[in-house]
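For reference, the structure discussed in these notes is given below.
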Amino acid sequence: MEHTEEQTYHLKALELLKADAEKIEQLIKVQMDHLTLPSCPLYEEVLDTQMFGLSREIDFAVKLGLIEREAGKNLMDTLEKKLSILHDAYTNK
Numbered sequence: 001m002e003h004t005e006e007q008t009y010h011l012k013a014l015e016l017l018k019a020d021a022e023k024i025e026q027l028i029k030v031q032m033d034h035l036t037l038p039s040c041p042l043y044e045e046v047l048d049t050q051m052f053g054l055s056r057e058i059d060f061a062v063k064l065g066l067i068e069r070e071a072g073k074n075l076m077d078t079l080e081k082k083l084s085i086l087h088d089a090y091t092n093k
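Under UniProt numbering, the first residue of the sequence shown is numbered 1, with each subsequent residue one higher.
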């Protein structure tokens with residue numbers, strides 16, 4: 001099935017946002033496995049900064065009409081749940 005140009009932009013925007021979310025998840029996994037405890041202020045600052053940046057990217061994509069607000073919210077919710085699971089797994093080691 002052929003996508004219209006607009007659909008292609010929507011799909012590409014969502015792919016890019018998902019890739020950024022995956023980068024944040026990987027960053028957190030690496031920190032938890034090798035570098036820093038979750039209670040470390042630096043860890044928390046990095047996480048907050050990355051999550052804020054992603055939320056701004058999502059807001060921008062929504063304003064441009066590239067993704068639906070609900071899709072952006074779902075992406076953030078999914079990432080937050082994954083990070084919570086990672087954090088719980090680390091603290092229960």
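Every residue, glycine too, gets a C-beta built ideally from N, C-alpha and C. Quick caveat: nothing in here was measured; it's all calculated off a predicted structure.
What span of residues does the alpha helix (DSSP H) with residue i cover, start to end?
i   : result
T49 : 41–63
How about residue i and residue j: are their beta carbons less than 7 Å apart?
i          : j   : result
I24        : Q7  : no
I28        : L86 : yes
I58        : L14 : no
residue 94 : Y43 : As shown, the chain starts at 1 and ends at 93. That puts residue 94 outside it, with no answer to give.
So residue i packs on residue j, CB below 8 Å; how close in whole Å?
i   : j   : result
A19 : L75 : A19 to L75, Cβ: 11 Å. No contact.
G53 : A61 : 13 Å between Cβ atoms; not a contact.
Return helix, strand or coil for residue i, following the three-state DSSP convention.
i   : result
E5  : helix
N74 : helix
E68 : coil
Smallest Cα separation from residue i: which of the options?
i   : options            : result
K12 : S55, G65, F52, L42 : G65
L16 : S55, E2, L83, L47  : S55
V46 : L83, A89, R69, N92 : L83
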